Amino acid sequence: MRRTCYCGEVTEMYLSKEVILEGWAHRTRDHGGLIFIDLRDREGIVQVVFDPAEIPRETFNTAKEVKSEYVLRIKGTVRKRPEGTENPKLKTGNVEVLAKEIEILNTSLPLPFKIEDEIDVSEEVRLRYRFLDLRRPEMQRKLILRHKAAQAVRKYLDSIGFIELETPFLTKSTPEGARDFLVPSRLNPGKFYALPQSPQLFKQIYMISGFDRYFQIVKCFRDEDLRADRQPEFTQIDLEMAFVEKEDVMEVTEGILKTIFSIIGIDIKTPFLRISYTEAIDTYGSDKPDLRIPWKMYTLTDILVDTEFKILREAIDEKNTIKALKVEGNTKFSRKDLDDTLAIAVNYGAKGLIWMRVSEGSVTSPIAKHLKEGEIKAIIERCEAKEGDTLFLVADKWEKACEILGNIRIELARRFNVIDEDRYEFLWVTDFPLLDWDEEEKRYVSVHHPFTSPMDEDIPLLDTDPLKVRAKAYDVVLNGVEIGGGSIRIHRQDIQEKIFKLLGIGDEEAKIKFGFLLEALQYGAPPHGGLALGFDRIIAIITKSPSIRDVIAFPKTQKGICLMTQAPSEVSEKQLKELFIQVIPPKR
RNA sequence: GGGGCCGUGGUGCAGACGGUUAGCACGCCGGCCUGUCACGUCGGAGGUCGCGGGUUCGAGUCCCGUCGGCCCCGCCA
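Numbering of the first sequence is given in the numbering used here, commencing with residue 12 and proceeding in unit increments.
Right, dumping it as structure tokens:
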């Protein structure tokens, strides 16, 4: 006996036909003299009827024993449901299967939660019983969509000449970037592999090897603290191209995203908007702005340059920037709203927060009396503020002031429900700085990574003003989420060495850590660049999942624990001994 | 490392200001039921109140610590 079709496929097409179905008992309704069993498999649910007039007593009694999630094989005939008993909620609702035979293939313990969407259960329980959670239609839809997206991306990239190539998981630990997961080497006592944070160096090597266009849908590993959108292992769509400029990489990326979104029936417009890092920070207070939020930020420093209001006077004298966020619309801020907004500001390091509400050509504000009429007018004009709009002002270092207001922008947009969840706003953020200054370590660090090419015209600045150097780097942003990023790489050994030097990586260290790359760059390395897309994040967005855990089959908790397997776990003395490893217990 | 929310039968929740039998819904078990589809109906079982300590005549409730889950800051080239 073999299955003839999936439960969810039994429609009028099968009328009067005999079918064999295999699946799980979704629900049973025992009316004493008549039993209904909803049988479920991955394609859906169909109602099976057991009528004692049609089958032997023994068969009927077997059906009586069935409980939730028993695994069944049922043979029966498809018939029209009696007039008036159709169920429009089911795809198969016009028909039912009149059972002739039933076989219980397996029983099931009572479940901790129901196998259905909209369950009211903690994520902790879902993760502990992930095998049941994944049985729910919602989770099956998400993982099947994930599969479809991966397949579509493969097909698309293959069609434009990309070659799917693998890279090692057991590889070399490199400085910079995230903390590595280490794997001890039994054959080389005291030495460790690292799991890759990304296939970065290998894909560059592939370019030097002449594969020209590489891609991979691949796991990456970073041992950092977890968030709703961060797991220690996650999946990237990773690609690299030779003989290209950033426009080429951006075009391919837009093609990939277009491909993925077409799966959910959304035709996204390309090319995406492009704005510079500086503009993104200045206007939206974020390098990954959510363009679904209409509110923007404005600079008021020049307007208030002669102010006598003490707090702002001091800010200007300290060469700080005064920024304003405009919250549009007649949004009513209660005392509590204002307090909460201040709390957000303080959380991001603000020393204070000024609010002003536009009203009858002037403003209502705790500081209104300290401002001249001309200043107020100029502020309203600069912000293009209308009646009822509320402005929030912060005075601080440019980047910090922007960042504080940027976070207020996001949190207030959520609170006042101004984000349209059905909109998808893509953009490119370009012209990132190449380097940042790390105050703790007292050295430059890469904003992107150490292999990112500086802009040609900024190369001289490497010697004079490194922080002014812009990178050939680009991030792709969707609805306030960084879904990908990449760069044109350095393909000349002299520049690469110079960057290492600036990063405080000495010749000796560079040779030890990246010797193979520096060497490869000397053997005809073509200009190249690429990008990686956060696959989990994209799938989370298109399935409207609040966390990437919902689109990862077996995710970890915030403490990095898999609640199903209880990994990580202790290992035996013997295992440690073989690896020449000794555990030092943490101090209590 | 830090801030916030949460932890009570299998699941989700309720338990004022500490008071004697810890309540509700769903699920589970048993009976009845031939057109249900969240079936109905009658009955029943099921609890270390996360864990440890303290205050008290008495702690699910108050205090301290600890463990776990979630959100966030730091961190994540």
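For glycine and all other residues, C-beta sits at the position ideal for the given N, C-alpha and C. No experiment lies behind these values; they were computed from the predicted model shown.
Counting along the chain, the unbroken alpha helix (DSSP H) around N72 starts and ends at R68 to E76. In the assembly as shown, R560 is a buried residue. Its beta-carbon has 16 or more other beta-carbons within 10 Å. For S287, the uninterrupted beta strand (DSSP E) run begins and ends at L284 to S287, by DSSP. Sorting V440, I327, A531 and I572 by C-alpha distance to the C-alpha of Y288 places V440 at the top. Rounded to whole angstroms, the gap between the alpha carbons of F213 and R157 is 26 Å. Straight across, the Cα-Cα distance linking A205 with V338 is about 47 Å.
Separation of P179 and F546 (C-alpha to C-alpha, rounded to the nearest whole angstrom) is 19 Å.
For A551, the enclosing alpha helix (DSSP H) covers residues F546 to I553.
In terms of Cα proximity to D293, the closest of S79, E468, K408 and V164 is K408. Sixteen is the threshold: since fewer than 16 other Cβ atoms of the shown chains lie within 10 Å of the Cβ of V316, the residue is exposed.
The three-state reading of DSSP puts P148 in helix, counting H, G and I together. Judged by beta-carbon spacing, A484 lies beyond the 9 Å limit of V456, meaning their Cβ atoms are not closer than that value. When C-alpha distances from I391 are compared across L311, I550 and Q208, the shortest belongs to L311. Here DSSP, grouped into helix, strand and coil, assigns K183 to coil. Around the beta-carbon of A578, fewer than 16 other beta-carbon atoms lie within 10 Å, marking it exposed. DSSP places M367 in no alpha helix (DSSP H) but in the uninterrupted beta strand (DSSP E) bounded by I365 to S370. Put simply, of D442, A36, V89 and L438 the residue whose alpha carbon is nearest the alpha carbon of L122 is A36. Contact annotation, K28 with I46: C-beta distance approximately 22 Å; criterion of less than 8 Å not satisfied. The C-beta of F71 has 16 or more other C-beta atoms within 10 Å across all chains shown, which makes the residue buried. In the DSSP assignment, R560 falls outside any beta strand (DSSP E), carrying neither H nor E. Residue environment: T96 is assigned as exposed (fewer than 16 neighbouring CB atoms within 10 Å of its CB, all protein chains considered). If you compare the alpha carbons of V164, A361 and L336 with that of V369, the shortest gap goes to L336. By the criterion of a C-beta distance shorter than 6 Å, M367 is surrounded in its chain by V374, S376 and L402, once the five residues flanking it on both sides are discounted. Under the three-state reduction of DSSP, T576 is assigned to coil, being neither helix nor strand. The region 528 to 538 makes no contact with the region 188 to 208: fewer than 3 CB pairs, one atom from each, lie closer than 8 Å.
Sorting I216, F245 and D234 by C-alpha distance to the C-alpha of I228 places F245 at the top.
With a contact defined as Cβ atoms closer than 8 Å, R53 and E33 miss out at about 11 Å.
Remark: C-beta atoms of K570 and L138 do not approach each other more closely than 9 Å.
Remark: fewer than three beta-carbon pairs, one from each stretch, lie closer than 8 Å, so the region 297 to 314 and the region 253 to 267 are not flagged as touching. The closest CA to that of N341, considering only C231, I378, D223 and A396, is found on A396. Apart from the 5 residues on each side of it in sequence, Q247 sits with its Cβ closer than 7 Å to the Cβ of S209, V229, C231, A543, L544, G545 and F546 in its chain, given in chain order.
In this structure, L438 keeps its C-beta atom at 9 Å or more from the C-beta atom of P477. A Cβ-Cβ contact shorter than 9 Å links H460 with E187. Here M12 carries a coil assignment [DSSP, helix/strand/coil].
Assignment of V60 by DSSP, reduced to helix, strand and coil, places it in the strand class. Remark: C-beta atoms of V480 and L472 approach each other more closely than 9 Å.
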